[in-house]
Amino acid sequence: MGDSQYSFSLTTFSPSGKLVQIEHALTAVGSGQTSLGIKASNGVVIATEKKLPSILVDEASVQKIQTLTPNIGVVYSGMGPDSRVLVRKSRKQAEQYYRLYKEQIPVTQLVRETATVMQEFTQSGGVRPFGVSLLVAGYDDKGPQLYQVDPSGSYFSWKASAMGKNVSNAKAFLEKRYTEDTELDDAVHTAILTLKEGFEGQISGKNIEIGMIGSDRIFRVLSPSEVEDYLQEVE
Amino acid sequence: MSRFEESAPARGGFSYDLCKRNEMLMQKGLKPSSYLKTGTTIVGLVFQDGVILGADTRATEGPIVADKNCEKIHYMAPNIYCCGAGTAADTEAVTDMVSSQLKLHRFHTGRESRVVTALTLLKSHLFSYQGHVSAALVLGGVDVTGPHLHTIYPHGSTDTLPFATMGSGSLAAMAIFESKYREGLTRDEGVKLVAEAICSGIFNDLGSGSNVDVCVITKGKREYLRNYMLPNPRTYVSEKGYSFSKKTEVLLTKITPLRELVEVIEGGDAMEE
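These protein sequences, in sequence, are chains P and X. Taking full-length UniProt numbering, the leading residue of the first sequence gets 1, the next gets one more, and so forth. Taking full-length UniProt numbering, the leading residue of the second sequence gets 1, the next gets one more, and so forth.
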């Protein structure tokens, strides 16, 4: 990877002290489809829009929310192919951790390792930063947790967060509606309402995706019919 | 970017650099290091609803029993288990590694693991080590294509069989299978036959002993019957216990400090710095 003419790092500092490539990566994230996550008292829910480029696309084959370990799931905003690489690396790291310590990887550790990978791509030769921000939802011995990881490699723990196109409206909406002791089902309703705020067109079980993890510590992506049930409860 | 073999040597396969040196050392009289072998009787058979695996529980180190109740039936996937004979470290490491690879594969495909996948991963690994990884395995499981049972030899060859035995007690166990196995056994008949075969290995082979472990795998369910039979209990334990002769009584404790024998010389030469 370091033998070509372009083996210098593209992420070099600008005179104002910024890394311009990372700023551009964040712009790429900001123009991606909205995704959000909410941490409840007994679980975490993450959700995203699933707008497909054409009605001819088989929507059943597209899954944006992925499982990293049985108790950790992830959703992204930004470039889909970049997220696939990160999901693959994270799964492998979780499995290597298990092989080494015979313990399921804690959520913070997995987030830290993923963030390290993303940071490496901002300081290596011949590569570019990832054009995605990830929302990692997990439930381990420390309870339910929600983390956001940015292209720069920085990560934050959130009670509720949104990314992508409609981020400012979505965050304002979440700030108003979030309460500390919200239950998981209420959190799902809040997530749906937040998505609905900036949604163009008719919202249905086929053009949004919801993943949740409860006190059973099993992360699952809801099927379209289950999403429809929640949508009807919200109506 | 690396693919699935992150634990293999960099260029793939076994590095033969030190073999000449080892041969020279052996000629000069160096004995190779001893290791924990499993002696072992392991068996598997296919019955009408799935697969039953069985194993004894003795681990030997030469003539000594190192572990009276070890686990030889290893987890590979929720629907696949593997019995291991040979060097205990090799069987544990190899099954652990392939179990990990299968888990990642399940994440990527979203499907239940297949027995042939586990088989191919195991045999490619063993072949690339040219028999130096001393693991002889009986692999069994139930997947979408049905129940499967395979044997894998340390050099990497495999067989697909309706009933199989491996290990030092394999001949004793195979004698039982050859006379009593038939197709379409029920669960209870199958478990009874497996237990009988393992017992035959336990009683007739020095390298096998202690208890019988059984694992029944059917579609959607598996039952791991650890210590299904305990045909070698410790029957006689003395009730009187053991009494040892009384310790010497301590009559007096007295500490005598050593006398100081240091002379203090006034104004002597200071030692050079």
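Don't be surprised by glycine CBs; every beta carbon is placed ideally from N, CA and C.
**Prompt:** Among the residues of its own chain, which have a CB less than 8 Å from the CB of Ala164/X, if the five just before and after it don't count?
**Reply:** Val43, Gly44, Leu45, Val138, Leu149, His150, Thr151
- Could you pull out every residue in the same chain whose Cβ sits closer than 6 Å to the Cβ of Gly156/X, ignoring the five residues on either side in sequence? Lys123, Leu126, Phe127
Starting from Thr194/P, trace the alpha helix (DSSP H) both ways and give me its first and last residue.
184 to 197
Burial state of Thr12/P, where buried means 16 or more other Cβ atoms lie within 10 Å:
exposed
Item checked: Beta-bridge partners of Leu52/P, as assigned by DSSP -> Partner(s): none; Leu52/P has no beta bridge.
Beta-carbon of Leu18/X versus every beta-carbon of chain P: anything under 7 Å?
-> no
Alpha helix (DSSP H) runs wholly inside the segment 100 to 181 of chain P, at least 4 long, in chain order: 107 to 120, 167 to 177
ask   = What is the residue span of the beta strand (DSSP E) that Pro224/P lies within?
value = Not the beta strand (DSSP E): Pro224/P falls in the alpha helix (DSSP H), residues 224 to 234.
Exercise. Excluding sequence positions up to five away, which residues of its chain have a Cβ less than 7 Å from the Cβ of Ala170/P?
Worked result: Thr34, Leu36, Ala162, Thr194, Glu197, Gly198
What in chain P is Cβ-close to Leu104/X, meaning under 7 Å?
Arg91, Lys92, Glu95
Quiz item: Expressed to the nearest angstrom, what Euclidean distance is found between the alpha-carbon atoms of Ser223/P and Gly84/X?
Solution: 40 Å
Any beta carbon from chain P within less than 7 Å of Phe107/X's own beta carbon? yes
I'd like to know if Ser100/X contacts chain P, where contact means its C-beta is closer than 7 Å to some C-beta of that chain. yes
Along chain P, in chain order, which residues have C-beta atoms closer than 8 Å to that of Asp96/X? Arg99
- Item | the segment 203 to 211 of chain X / the segment 180 to 188 of chain X touching (three or more Cβ pairs under 8 Å) | no
- request: Kindly give me the distance between the Cβ atoms of Ala47/P and Ile210/P, rounded to whole angstroms, as I take these residues to be in contact under 8 Å.
  value: 5 Å
- First and last residue of the uninterrupted alpha helix (DSSP H) at Asn204/X: 187 to 204
Margin query: Please return the same chain residues whose Cβ sits closer than 8 Å to the Cβ of Cys199/X, not counting the five positions on each side in sequence.
Written below: Val212, Met229, Pro231
Checklist entry - Should the segment 103 to 110 of chain P be called in touch with the segment 50 to 57 of chain P, which here means at least 3 C-beta pairs below 8 Å? => result no
Alpha-carbon to alpha-carbon, Ile218/P and Pro70/P | 6 Å
Problem set entry | Contacting residues, own chain, Cβ-Cβ under 6 Å from Phe47/X (five flanking each side not counted) | Leu185, Gly190
ask   = Considering only residues of the segment 55 to 81 of chain P, which uninterrupted beta strand (DSSP E) runs meet the minimum length of 3 residues and lie entirely inside it, listed in chain order?
value = 66 to 69, 72 to 78
| task | If I'm right that Val132/P touches Val29/P with Cβ under 8 Å, what's the distance once you round it to whole angstroms? | result | 6 Å
Less than 6 Å between C-beta atoms, sequence neighbours within five positions excluded: which residues of the same chain meet that for Tyr155/P? Val111, Ala115, Tyr147, Val149
With the cut-off set at 7 Å, would you say Ala187/P and Ile38/P are in Cβ contact? yes
- request: List the residues of chain C whose Cβ lies closer than 7 Å to the Cβ of Thr114/P, in chain order.
  value: Absent from the structure: chain C. Protein chains present are P and X.
Discussion item. Give me the chain X residues within the contact set of Thr34/P, using Cβ-Cβ distance strictly less than 7 Å, ordered along the chain.
Written reply: By Cβ distance, chain X contributes nothing, its closest Cβ being about 25 Å from Thr34/P, past 7 Å.
Subject >> Residues of its chain near Asn227/X, where Cβ-Cβ distance is below 8 Å and the 5 sequence neighbours each way are ignored >> reply: Thr57, Asn69, Asn211, Val212, Asp213
Leaving out the 5 sequence neighbours to the left and right, which residues in its chain are closer than 8 Å to Lys103/X when beta-carbon positions are compared? Ala77
- request: State whether the segment 118 to 133 of chain P contacts the segment 73 to 84 of chain P, with contact taken as three or more CB pairs (one from each stretch) at a distance under 8 Å.
  value: yes
- Query: Would you report the Cα separation of Lys142/P and Thr41/X, rounded to the nearest angstrom?
  - Reply: 44 Å
Could you name the residues of the same chain whose beta carbon sits closer than 8 Å to that of Thr182/P, not counting the 5 residues immediately before and after it, in chain order? Ile38, Ala40, Ser41, Thr190
Report task. Thinking Ser9/P and Gly153/P are a contact (beta carbons under 8 Å), I'd like their distance in whole angstroms, please. Result -> Wrong, their Cβ atoms sit about 14 Å apart, outside the cutoff.
*Taking the alpha-carbon positions, what's the Arg99/P to Thr95/X distance?*
12 Å
What residue does the alpha helix (DSSP H) around Asp67/X start on, and which one ends it? Element bounds for Asp67/X: not the alpha helix (DSSP H) but the beta strand (DSSP E), 64 to 67.
ask   = Where do the ends of the beta strand (DSSP E) carrying Val142/X lie?
value = 135 to 143
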